[in-house]
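Anchor point for the sequence shown: position 481 equals 821 in our numbering, and the numbering is continuous, going up by one each time.
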Amino acid sequence: MRHLLTRLALGASLLTFAPAFVPAQDAPAPNPVRAKYTKHEFKIRMRDGVSLFTAVYTPKDTSRSYPIMMLRTPYSVDPYGIDNYRTSLGPSKAFLDEGFIFVYQDVRGRYLSEGAFLEVTPHKVGKRTPKDVDESTDTWDTVDWLLKNVRGNTGKVGIWGISYPGFYAAAALPEAHPAIKAVSPQAPVTDLFRGDDAFHNGAFMLAANYGFYVNFVEQKTPARPVEEPDFDYGTPDGYEYYLKLGTLQRALDTVIGKSYFRAYLDHTTYDEFWRSRDISAHMKNITPAVLVTGGLFDAEDLQGPQRLFRAIARDSPQTANTLVLGPWRHGGWARGEGDGLGNLDFGQDTSVFYREEIEFPFFMKHLKGVEAVMPRAWVFETGRNEWHKHDAWPPADAKGASYYLGPRGSLLSKALPVNDGGDEYSADPAKPVPYLSYITMGMRGDYMTEDQRFAATRPDVLVYETAPLEADVRTLGPVRVKLHVSSTATDADFVVKLIDVYPGDAPNLRPQPTPRPANAVPMGGYQQLVRGEPFRAKFRRSLEKPEPLTPGKVETIEFAMPDIAHTFRPGHKIMVQIQSSWFPLVDRNPQKFMDISKAVDADFVKATHKVHRGSSVTLSVVP
Numbered sequence: 341m342r343h344l345l346t347r348l349a350l351g352a353s354l355l356t357f358a359p360a361f362v363p364a365q366d367a368p369a370p371n372p373v374r375a376k377y378t379k380h381e382f383k384i385r386m387r388d389g390v391s392l393f394t395a396v397y398t399p400k401d402t403s404r405s406y407p408i409m410m411l412r413t414p415y416s417v418d419p420y421g422i423d424n425y426r427t428s429l430g431p432s433k434a435f436l437d438e439g440f441i442f443v444y445q446d447v448r449g450r451y452l453s454e455g456a457f458l459e460v461t462p463h464k465v466g467k468r469t470p471k472d473v474d475e476s477t478d479t480w481d482t483v484d485w486l487l488k489n490v491r492g493n494t495g496k497v498g499i500w501g502i503s504y505p506g507f508y509a510a511a512a513l514p515e516a517h518p519a520i521k522a523v524s525p526q527a528p529v530t531d532l533f534r535g536d537d538a539f540h541n542g543a544f545m546l547a548a549n550y551g552f553y554v555n556f557v558e559q560k561t562p563a564r565p566v567e568e569p570d571f572d573y574g575t576p577d578g579y580e581y582y583l584k585l586g587t588l589q590r591a592l593d594t595v596i597g598k599s600y601f602r603a604y605l606d607h608t609t610y611d612e613f614w615r616s617r618d619i620s621a622h623m624k625n626i627t628p629a630v631l632v633t634g635g636l637f638d639a640e641d642l643q644g645p646q647r648l649f650r651a652i653a654r655d656s657p658q659t660a661n662t663l664v665l666g667p668w669r670h671g672g673w674a675r676g677e678g679d680g681l682g683n684l685d686f687g688q689d690t691s692v693f694y695r696e697e698i699e700f701p702f703f704m705k706h707l708k709g710v711e712a713v714m715p716r717a718w719v720f721e722t723g724r725n726e727w728h729k730h731d732a733w734p735p736a737d738a739k740g741a742s743y744y745l746g747p748r749g750s751l752l753s754k755a756l757p758v759n760d761g762g763d764e765y766s767a768d769p770a771k772p773v774p775y776l777s778y779i780t781m782g783m784r785g786d787y788m789t790e791d792q793r794f795a796a797t798r799p800d801v802l803v804y805e806t807a808p809l810e811a812d813v814r815t816l817g818p819v820r821v822k823l824h825v826s827s828t829a830t831d832a833d834f835v836v837k838l839i840d841v842y843p844g845d846a847p848n849l850r851p852q853p854t855p856r857p858a859n860a861v862p863m864g865g866y867q868q869l870v871r872g873e874p875f876r877a878k879f880r881r882s883l884e885k886p887e888p889l890t891p892g893k894v895e896t897i898e899f900a901m902p903d904i905a906h907t908f909r910p911g912h913k914i915m916v917q918i919q920s921s922w923f924p925l926v927d928r929n930p931q932k933f934m935d936i937s938k939a940v941d942a943d944f945v946k947a948t949h950k951v952h953r954g955s956s957v958t959l960s961v962v963p
């Protein structure tokens, strides 16, 4: 959800005049939206009396009727005023050219809408009175009003949204208005504790959330966006900044959006606060067709689309439900060409393909009756760099292939007998393992494909790898981790990274621009992160009731990392790295059993961790 949030500048333009002897400059291109559409603004009253600000763009060609395309957002429907027009409409230019009625709405408590804003509004079951409202009812009431008051509509509605707006799209699905025919939740916030923005397996995603809440603050009354000064970190070095902050309480003291940040620190286990915000728990009897879209390298809401798709498939098997997974960062499918990410080259314009061959046909099919075939899953496989359609996801022929952590850094594809062997390392919270090799502030969205050679050289990172592969290892589906661990501490984090190691003679995949970006490196020996996840050991038995480690006692940690779609090519090696910090992407574990949000400096202690033989990473391998 973090983001497509951008600062909204409302500054005035400066006009300059050229001397008469200078040739006139070309006039700016006319606004394509203003040329084809008429803008209207409404305050639509909800069943509880709260009014939501809504901008509606209707085609100037009134000779035919149009379906409605709607986006609901907490990030503003700017620009405001009926004479101020957006420069684009809909998910892509194809929609603007085709012709729809476009609707943009500020959700409750944001910008010009009334009411109180709730983060990821809990869905209410068994609504009895007009006061029982949530995002589903607000969507229903909005759609019902639009059908009755906006001329020239066909009675069919489509909804889309990316990130936080993706959550609002997903929230439109339970008890949907009959006019809603097609919904595309894209990178939807789905379960904030179990893998989306807030926590991953109990570990707090520090940099992303802090960086978000220096911009996203509580709003007391309806108001237009205003330009705010950039938050002053005082340094370009995020590692330094967060290390000096030290504790989560000091982070709370400095962040601007305190009310929202505090809620995260007040709920550090999977309690009712988080359970009530899991929209995927309410996917029974879904009637609209659904296109769930996610990026395989989404640093923010990677698990959300996968979790939502599976929930619909499980609880509403009759629903036309398609999953799209592409090689994108957060929202990358909606902009640009999608031909690469970081140092990776995908060999084709994957984002263009999505917009033209998947997204647009989906809405045309369900809103305008244009024939299109939508498979159960449409997935881009990196490594091979190919799109594939699947009748099921994960594919029915996917089989588990386990790779065991062996002696001397080997990664073995056959089981090792469990014995007393293993590998130890010392973890010091004062010197956490960085998540990137170069200086940057906050969370970079392309870290999920970054070179891991810098980490492999640290003594507090365990490294295991196969011999060079003789044939393709095609992996489609989740990555399952099973670790047998012991520690001198009462708590510890274990970060597991699955890595594709390129041959030493691998060519550079993308042109090296001048000046070279900080993450541009030679591809010979490149250690590409394919998937990585932290796990906080105290949650090994339950996310609701953490338990301490007993020093010296061997414990088992099992969890699944989000799905991958990647082929390890011949000559490449499969690598696994294990470490106990990933900073400042993830907050530091003091390595002491406690509520980390209450930790003080003295609570952070060194510890020695051991990963024992029999530990494994299991891939979903297809022929």
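We treat Cβ as the ideally placed atom computed from N, Cα and C, and that holds for glycine.
If the criterion is Cβ atoms closer than 8 Å, does the pair residue i and residue j meet it?
i, j, result
"P734", "P645", "no"
"Y744", "S956", "yes"
"D478", "K464", "no"
"F908", "D840", "yes"
"I936", "N929", "yes"
"D472", "H517", "no"
"P769", "F637", "no"
"V819", "R880", "no"
"V447", "R412", "yes"
"F649", "L663", "yes"
"Q526", "T633", "yes"
"M714", "A651", "no"
"D920", "D833", "Strictly speaking, residue 920 in this sequence is Ser, with Asp absent from that position. Taking 8 Å as the Cβ cut-off, S920 and D833 qualify as a contacting pair."
"V962", "R814", "yes"
"E454", "V390", "yes"
"P414", "S476", "no"
"N541", "F875", "yes"
"S503", "E699", "no"
"S690", "S827", "Before going on, a small fix: residue 690 reads as Thr here, not Ser. Not closer than 8 Å, so no."
"L752", "V916", "no"
Quick check on residue i: buried or exposed, where buried means 16 or more other Cβ atoms within 10 Å of its Cβ?
i, result
"P910", "exposed"
"D618", "buried"
"R426", "buried"
"A548", "buried"
"L458", "exposed"
"Q445", "buried"
"K584", "exposed"
"G671", "buried"
"T469", "exposed"
"N683", "buried"
"Q931", "buried"
"E884", "exposed"
"A829", "buried"
"V595", "buried"
For residue i, which of helix, strand or coil comes out of DSSP?
i, result
"T690", "helix"
"F533", "coil"
"R404", "coil"
"G551", "helix"
"M915", "strand"
"D437", "helix"
"G644", "helix"
"L776", "coil"
"G954", "coil"
"D655", "helix"
May I have the straight-line CA-CA distance separating residue i from residue j, to the nearest angstrom?
i, j, result
"D481", "K376", "28 Å"
"E1038", "A732", "In the structure as shown, the chain begins at 341 and stops at 963. Residue 1038 is therefore absent and cannot be evaluated."
"A509", "G495", "18 Å"
"V940", "Y553", "22 Å"
"T394", "A456", "17 Å"
"L546", "W922", "10 Å"
"K560", "D593", "20 Å"
"G501", "A674", "10 Å"
"D437", "L429", "9 Å"
"D611", "I897", "21 Å"
"K950", "V825", "6 Å"
"F361", "E726", "Reliability fails at F361, whose pLDDT of 43 lies under 50, so the model's placement of it is uncertain and the value that follows must be treated cautiously. For F361 and E726, the distance between alpha carbons rounds to 55 Å."
"P363", "E381", "Residue placement at P363 is poorly supported in this model, since its pLDDT is 47, which falls under 50; the coordinates still yield a value, given next. When rounded, the distance between both Cα atoms is 40 Å."
Contained beta strand (DSSP E) runs [length at least 3] in the stretch 377-431, N- to C-terminal order: Whole beta strand (DSSP E) segments, 3+ residues: 377-385, 391-399 and 406-413.
Start-end ranges of the beta strand (DSSP E) lying completely within the stretch 562-635, minimum 3 residues: Qualifying beta strand (DSSP E) stretches, in chain order: 629-635.
Alpha helix (DSSP H) runs contained entirely in the stretch 727-809, provided each spans 4 or more residues: Listed in chain order, the complete alpha helix (DSSP H) runs (minimum 4 residues) inside the stretch 727-809 are 793-796.
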